[in-house]
Amino acid sequence: MQNYNYIQIENRFYNLANKIDKILNNYNTDITIIANPLLSLNRLHPDYLQEWFDFIYFEKISTKVKLKLNFCIFLNMVLNLLAVMKELLISNKFKDSEHLSSGAIDLILISHYLGGKLENEDFYYGHILNECEKQNISAIRLLIPHTNTNNNINGLGGNYILNYSLNFNEVLNYLYLNIISLLKIIRYFIHSKLSYYELLVLIIGQFKNFTNYKNMILIQKFILTFNPKNLIMTFEGNSIEKCIFSLCHKYLVKSFGYQHAPIIKGQYSIFNNHKKDIVPDVILTSGKFTQLKFLKYIQYTNSIIDIGTKKYDDISNYLGDNKSNKSILLVPDGNAQSVQKFIEIGLSLLKINPDFKITIRSHPIMNYLMQKNMSKLPISILANFKVSKSNLKVDLDFNFWVIYQNSSVSIESIRPDIFLIYFQNSLADVNPLWENSELYISVDSLNSLYKVLLNKKYRSSQDIKNILKLRSHYYSKLNYREFFKLLS
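Using numbering that gives the first Met the number 0, you'd call the opening residue of the sequence shown number 0 and step up by one each time.
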């Protein structure tokens with residue numbers, strides 16, 4: 000098994016991040032460079048580093064990786080051209096005449112379509128459209144699709160899924176701009192301290208930027224059509240967010256970045272002080288914990304407001320219960336590797352003790368993969384190992400243990416009747432609760448996990464008070480009025 004020097008890993012991560020930041024700040028008005036997904040190092044998390052992984056976890060790049068990078072240039076160039084050709088064949092073009100506005104609107108909400116039936120309650124902002132209507136605030140919601148959809152709801156209730164295609168001139172313009180951007184990056188490489196193989200990764204990223212560029216162009220059309228005064232978008236430090244904040248800067252739209260996702264020890268991009276072209280005017284947070292982090296690191300804005308989250312749940316009147324210590328909720332990270340790992344954990348636990356009642360749930364974008372992998376298991380196993388079809392509150396009310404990695408469910412599970420177990424990622428600390436070790440038990444193997452599960456835990460009244468206090472530190476109650484007061 001590979002032995003890693005974690006201090007060196009952190010040093011390589013931050014050194015690389017500094018190099019990338021210089022490129023972004025140097026070309027902060029070049030939209031095809033900003034759209035490069037490999038120019039945003041969100042966090043030190045092995046499952047999200049993509050082509051940068053080997054640069055961070057190994058002191059030297061192997062011959063195998065060098066060959067792979069050279070091949071990936073060719074592969075991604077072909078995939079990029081195929082995506083562009085496919086775009087030209089799609090007939091669902093954006094037509095300004097279908098979206099005429101009677102005048103400037105107050106707000107555009109940028110959210111995400113994760114599949115399934117489109118609900119009026121937004122996955123991130125809750126019932127914000129209803130609240131806008133109550134306050135006579137004109138608003139529309141644009142949803143970036145993360146799964147294939149033919150959902151033809153565009154315009155209904157102020158909702159639009161960005162499943163339109165670009166026209167011929169827009170596609171041609173993309174190709175031209177991307178070639179220019181590639182030449183800029185190569186020229187930058189000649190006068191910088193970038194290695195040849197770091198240059199290859201950046202070029203691969205330029206061939207991966209079409210989806211971000213397309214969504215940016217579509218959102219630009221809505222901005223030009225509806226002339227909004229304000230725009231709010233989820234804020235994690237991704238390249239698409241930088242593109243949208245750049246548009247807001249260009250068209251003088253007040254921008255809000257809403258931090259909703261959990262923060263881990265190695266979080267980076269979201270706390271970075273980029274030039275004002277690619278950052279929000281106002282940062283909104285889900286709780287005091289992240290608000291304090293932003294106040295510590297961010298210099299480009301003084302407007303850092305805690306407006307809370309729809310995930311907040313008041314449990315101050317908790318009375319206790321008698322849950323079975325055989326009931327376990329598995330909560331993987333929102334990526335394929337973690338989902339498969341947690342399925343394997345569930346299977347291993349049932350082999351050790353068939354009496355366990357295990358439920359697994361993940362981020363909605365992973366539901367299809369999780370269902371597919373679970374469907375391959377024997378029916379006899381599925382009797383005690385199920386994919387959750389309930390809302391989270393039902394799962395938390397039932398389960399005694401919650402085993403997790405990088406998931407916001409860990410924060411929602413800070414309850415007196417739940418014992419949290421962080422299953423360590425061997426390559427990085429991806430625990431959202433890392434600063435409060437009294438909230439969880441940390442395990443690094445199935446053996447250590449099983450030893451914890453053997454014994455039912457109990458909490459004193461003082462423990463319960465401490466838990467409730469810490470819970471309120473992470474999430475605040477969603478306050479729409481606080482947000483509305485900030486609108487232009």
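Yeah, the Cβ is synthetic: ideal placement off N, Cα and C, and Gly gets one too. Predicted, not measured: the structure shown is a model, and the values here were computed from it.
Query, Result
"Could you check if Y175 is buried or exposed, using at least 16 other CB atoms within 10 Å of its CB as the buried criterion?", "exposed"
"Report the rounded CA-to-CA distance for I184 versus I33, giving the unit in angstroms.", "12 Å"
"Which residues in the same chain have their Cβ closer than 7 Å to the Cβ of M0, if we skip the five residues on either side of it in sequence?", "Note on M0: pLDDT 44, under 50, position unreliable in the model; no value is reported."
"Taking the DSSP output, what are the residues bridged to S441?", "Y421"
"Using three-state DSSP, classify L381 as helix, strand or coil.", "helix"
"Opposite M232 in the DSSP bridges: which residues?", "I109, G256"
"Short check: CB of G345 to CB of F384, under 8 Å?", "yes"
"Kindly indicate which residue of Y195, V408, I357, Y250 has the alpha-carbon position closest to the one of H259.", "V408"
"Distance, Cα to Cα, P45 vs V77?", "26 Å"
"For D332, which residues of its own chain have a beta-carbon under 7 Å away from its beta-carbon, when the five flanking residues on both sides are left out?", "D46, Q404, N405, S406, V429"
"Spell out the partners DSSP gives S164 in its beta bridges.", "K92"
"Out of curiosity, what's the CA-to-CA distance linking A82 and F209?", "8 Å"
"Short of 7 Å in beta carbon distance, which residues of its chain neighbour Y250, apart from the five on each side in sequence? Order them along the chain.", "I222"
"Cα separation between D394 and I30?", "43 Å"
"Run through the region 241-298 for me and flag every whole beta strand (DSSP E) of 3 or more residues, listed as ranges in chain order.", "253-257, 281-284"
"Taking only runs of the alpha helix (DSSP H) that begin and end inside the region 7-51, which ones reach a length of at least 4 residues, in chain order?", "30-33"
"Strictly by DSSP, which residues pair up with P144?", "Y112"
"Measure from the alpha carbon of K192 to the alpha carbon of each residue in N147, K21, L141, then state which is nearest.", "K21"
"From P415, I410, S441, E411, pick the residue whose C-alpha is nearest to that of S425; which is it?", "S441"
"By the DSSP assignment, the beta strand (DSSP E) with V200 in it spans what residues?", "Where V200 is concerned, there is no enclosing beta strand (DSSP E), although the alpha helix (DSSP H) it sits in stretches over 195-205."
"Here's the rule I'm using: 16 or more other beta-carbon atoms within 10 Å means buried, otherwise exposed. How should L453 be labelled?", "exposed"
"Under the assumption that I19 contacts L48 (Cβ atoms under 8 Å), give the Cβ distance between them as a whole number of angstroms.", "Their Cβ separation, rounded to whole angstroms, is 12 Å, which puts I19 and L48 out of contact at 8 Å."
"If you drop the 5 nearest sequence neighbours on each side, which residues of the same chain put their C-beta closer than 7 Å to that of S268?", "S39, L40, N41, G236"
"State the start and end residues of the unbroken beta strand (DSSP E) segment that holds S326.", "326-330"
"Could you please give the first and the last residue of the uninterrupted alpha helix (DSSP H) stretch that includes Y367?", "366-373"
"If distances are taken between C-alpha atoms only, which option among Y479, L485, L486 comes closest to K133?", "Y479"
"Are the CB atoms of I306 and F482 nearer to each other than 8 Å?", "yes"
"Return the first residue and the last residue of the alpha helix (DSSP H) that I216 is part of.", "209-225"
"Are there 16 or more other CB atoms within 10 angstroms of the CB of N158, so buried, or fewer, so exposed?", "buried"
"Tell me whether K476 sits in a helix, a strand or coil according to DSSP, three-state version.", "strand"
"Which two residues bound the contiguous beta strand (DSSP E) that contains V429?", "It is not in any beta strand (DSSP E) - V429 carries neither H nor E in the DSSP assignment."
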